[in-house]
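Asks:
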Amino acid sequence: MAGQTFALQVLVALLVVGIGTGAAFAQARRAGTQEATARALAVARTVASSPDVVAAVEDHDRAGVLQPFAENVRRRTETDFVVIMSPNGIRYSHPDTSLIGKKFVGHIEDAQAGGTVVEDYTGSLGASRRAVVAVRASDAPDAPVVGLVAVGIRNAVVSQRLEGQLVALLAAGVAAAVLTGLATALVARRVRRQTHGLGERQLREMVEYYDAVLHAVTEGLLLIDRDGRLRLVNDEAVRLLGLGDGAVGRRVDELDLSEPLVAALTDETPRGDELHVTAARVLVLNTAPARWEGRVLGQVATLRDRTDLEHLTGELDSARGLTEALRSQAHESANRLHTIVSLIELGHPERALAFATEELELSQLLTDRVVAAIEEPALSALLLGKAAEAGERGIDLRIDEGAVWPVDALPARDVVTIVGNLIDNAFDAVTGHPGERQVRVDTRRDGSDLVLTVADTGPGLPPGAVARAFERGVSTKDQGGEGRRGIGLALVAQVVGRLGGSLSVDGGPGAVFTVRLPLTGGAGA
């Protein structure tokens, strides 16, 4: 591209210099012609107004004074001929004396009428620029014409003068072309340096292929410069972050993103597989510095959508907890069965019967209460599993009498996400806390809304943590894996917001989380 630009600029420069030189030559030629005309006309008028010339012409130059006079004027004015003639054009003088007495060759009609003739004409001395004026008997405007004066400068002489100027013009044109070429070469060199030596084809392929790859990758990709401005973003990142038109070039903190995500994108510290919750998605963020030849240009960030995976992970955690609880129950059931068998063998069948029925009554009572109150199968299974997990962890899980949850009131996956994460959060709060370890769950109908309450007897939320309890990464517990804590409540807030509900929390003593969700059209009455 630089070579093509250089060639084009040199061609343009030569064209401009050539046109300029030609125009200058034409101007010089026109100026030379005008100067020759003015000089010939001035000499002719001066000679015609000379009293000696007037007297000699009226006397038909019997004394022969006009030839030496004319030749003297010709030499002194550096003209090519000064011809004094009669009104009829008969020469009294001429540089070639053999032509004296012969008729002048050229147009003299206007001069004979008292006017002036200016023309290019080829006469006895060749092509010339000539002026012919009248010689009057006196200075009076109406004085009779008694003779004519013709003064000429050969065109060859004018051309010779122009040839000397042409050399200077050509030299100036060549100098201008050389300077333009040098300047163009410097510009081309700078262009090559700025494009890192890449040619036009390479630049075109790089833009086409890189742009195609950028927008085809399934991960979101962003480039943020050191001033915190978004310089590059692909289609997937626009979709994941919900960016509008005109995002490129704006500061990241002006893009309506969450504060933790803005901090991660503008922080120069690399991030690895960090979870972030937006209004509708769970994203995995990785950042790294973007460098070129040792210079840090900014931050490169990649985003992966983990929304569905995070929901499935929560459901898997619930299933894993239920499995562990069932395993523990199976172990406990084996112990109780051995106890019953031993009591029978020891001759205490009545005690064996009482022991067995007591455990069955407690288990069946909880199952009957949950099934009767909670019509949603997914929520019933979740609560029974959490009850088994609570029993294993020594937690008193209570489901309030009168709790209701109609079938198909809300999407089952969203119900599991909200209730499961709130109960897990309550279990973690009371675990290891001295005193009563109790978690209470209540669900009520309030007009067209469902109200879910999960309360615990844990330490509650510390001062200042209530307002930030649902932000990603905010947790009152010890950190587990990097970026793993603080995601549960953030997911709850995300789902509740998507369903058009509200979420609140009261802290200390213990914590009470209240979720209000509007019923869908398919909810039972």
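Under our numbering, the first residue of the sequence shown carries the number 785, and numbering increases by one thereafter. Yeah, the Cβ is synthetic: ideal placement off N, Cα and C, and Gly gets one too.
Does DSSP put Leu1016 in a helix, a strand or coil?
Replies: Numbered from its first residue, the sequence shown carries residue 1016 at position 232. Leu1016 falls in the strand class under three-state DSSP.
Asks: Quick one: which unbroken beta strand (DSSP E) runs of 3-plus residues sit fully inside the segment 838–903? Chain order, please.
Replies: If we require 3 residues or more, the beta strand (DSSP E) runs fully inside the segment 838–903 come out as 865–869.
Asks: For Asp1198 and Gly1186, I'd like the C-alpha separation in whole angstroms.
Replies: Position 414 of the sequence shown, counted from the first residue, corresponds to residue 1198. Position 402 of the sequence shown, counted from the first residue, corresponds to residue 1186. Asp1198 and Gly1186: Cα-Cα distance of roughly 23 Å.
Asks: Just how far apart, CA to CA, sit Arg1300 and Val1238?
Replies: Translated into the one-based positions of the sequence shown, residue 1300 becomes position 516. Translated into the one-based positions of the sequence shown, residue 1238 becomes position 454. Each residue's alpha carbon lies about 12 Å from the other.
Asks: Who are the near neighbours of Val901 in its chain, counting only those whose CB is closer than 6 Å to its CB and skipping five residues on each side?
Replies: Looking up residue 901 in the sequence shown gives position 117. Result list for Val901: His891, Asp894, Ala895, Val916, in chain order.
Asks: Pick out whichever of Asp1057, Gly1056, Val1068 has its Cα sitting closest to the Cα of Leu1025.
Replies: Position 241 of the sequence shown, counting from 1, holds the residue named residue 1025. The shortest C-alpha separation from Leu1025 is found at Val1068.
Asks: Would Pro1161 be called buried (16 or more neighbouring beta carbons within 10 Å of its own) or exposed?
Replies: For this step, residue 1161 is matched to residue 377 along the sequence shown. Per the 10 Å Cβ criterion, exposed.
Asks: What first and last residue would you give for the beta strand (DSSP E) that runs through Pro1218?
Replies: The residue labelled residue 1218 in the question sits at position 434 within the sequence shown. First-last for Pro1218: undefined, no H or E at that position.
Asks: Round the Cβ separation of Pro1054 and Ala1074 to the nearest angstrom and send it over; I've been treating them as touching at under 8 Å.
Replies: The residue given as residue 1054 occupies position 270 in the sequence shown. The residue given as residue 1074 occupies position 290 in the sequence shown. Actually they do not touch by this definition, with Cβ atoms about 11 Å apart.
Asks: When the Cα of Gly1231 is compared with those of Ala959, Ile1202, Arg813, Val1188, which residue comes out closest?
Replies: Here the question's residue 1231 lines up with position 447 in the sequence shown. For Gly1231, the nearest C-alpha among the options comes from Val1188.
Asks: Is it the case that the segment 1221–1231 contacts the segment 1176–1186, given that we only count it when at least three CB pairs across the two stretches are under 8 Å?
Replies: Judged by Cβ distances under 8 Å, the segment 1176–1186 makes contact with the segment 1221–1231, as three or more pairs qualify.
Asks: In terms of residues, what are the limits of the alpha helix (DSSP H) holding Glu1043?
Replies: As a position in the sequence shown, residue 1043 is number 259, starting the count at 1. Note, Glu1043: alpha helix (DSSP H), 1043–1050.
Asks: In the DSSP assignment, find the unbroken alpha helix (DSSP H) run with Ser1164 in it and report its ends.
Replies: Taking the sequence shown and counting its residues from 1, one reaches residue 1164 at position 380. Unbroken alpha helix (DSSP H) run through Ser1164: 1161–1177.
Asks: Determine whether the beta carbon atoms of Gly1082 and Leu1007 lie at a separation below 8 Å.
Replies: As a working note, residue 1082 is residue 298 in the sequence shown. As a working note, residue 1007 is residue 223 in the sequence shown. Cβ distance < 8 Å, so Gly1082 and Leu1007 count as in contact.
Asks: Apart from the five residues on each side of it in sequence, which residues of its chain come closer than 7 Å, Cβ to Cβ, to Asp764?
Replies: Because residue 764 is not part of the residues shown, which for the chain are 785 to 1309, the question remains open.
Asks: How should Asp1011 be labelled, buried or exposed, when 16 other C-beta atoms within 10 angstroms of its C-beta is the threshold for buried?
Replies: Indexing the sequence shown from 1 puts residue 1011 at position 227. Asp1011 should be labelled exposed.
Asks: Using a 10 Å radius around the Cβ and a threshold of 16 neighbouring Cβ atoms, would you call Asn856 buried or exposed?
Replies: As a first step, residue 856 must be located in the sequence shown, where it is residue number 72. Burial call: exposed.
Asks: Comparing C-alpha positions only, which one of Val1191, Phe809, Phe888 sits nearest to Leu909?
Replies: On the sequence shown, residue 909 is found 125 positions in, with the first residue counted as 1. Leu909 has its Cα closest to that of Phe888, out of Val1191, Phe809, Phe888.
Asks: So, helix, strand or coil for Glu1058, using DSSP?
Replies: In the sequence shown, counting from the first residue as 1, residue 1058 sits at position 274. If DSSP states are grouped into helix, strand and coil, Glu1058 belongs with the strands.
Asks: Pull up the distance between the alpha-carbon of Ser870 and that of Val919, whole angstroms please.
Replies: In the sequence shown, the residue the question calls residue 870 occupies position 86. In the sequence shown, the residue the question calls residue 919 occupies position 135. Distance between the alpha carbons of Ser870 and Val919 is about 9 Å.
Asks: Mapping the DSSP letters down to three states, classify Ala921 as helix, strand or coil.
Replies: Here residue 921 corresponds to residue number 137 of the sequence shown, with the count starting at 1. Coil at Ala921, not helix or strand.
Asks: When DSSP builds the beta bridges, which residues end up paired with Ser1288?
Replies: Position 504 of the sequence shown, counting from 1, holds the residue named residue 1288. Thr1298, per the DSSP bridge assignment.
Asks: Could you tell me if Tyr876 is buried or exposed, where buried requires 16 or more neighbouring beta carbons within 10 angstroms of its beta carbon?
Replies: Indexing the sequence shown from 1 puts residue 876 at position 92. Tyr876 comes out buried.
Asks: If you draw a straight line from the C-alpha of Tyr994 to the C-alpha of Gly1281, how long is it?
Replies: By one-based count along the sequence shown, residue 994 stands at place 210. By one-based count along the sequence shown, residue 1281 stands at place 497. Approximately 38 Å, taken between the alpha carbons.
Asks: Does at least one heavy atom of the ligand PLP sit under 7 Å from the Cβ of Glu842?
Replies: As presented, the structure is devoid of all ligands, the ligand PLP included, so that no description of it is given.
Asks: Exposed or buried, which one is Val962 when buried takes at least 16 other CB atoms within 10 Å?
Replies: In the sequence shown, residue 962 corresponds to position 178, counting from 1. Classification for Val962: exposed.
Asks: Is the beta carbon of Val958 less than 8 Å from the beta carbon of Ala828?
Replies: Taking the sequence shown and counting its residues from 1, one reaches residue 958 at position 174. Taking the sequence shown and counting its residues from 1, one reaches residue 828 at position 44. For Val958 and Ala828, no; Cβs fall outside 8 Å.
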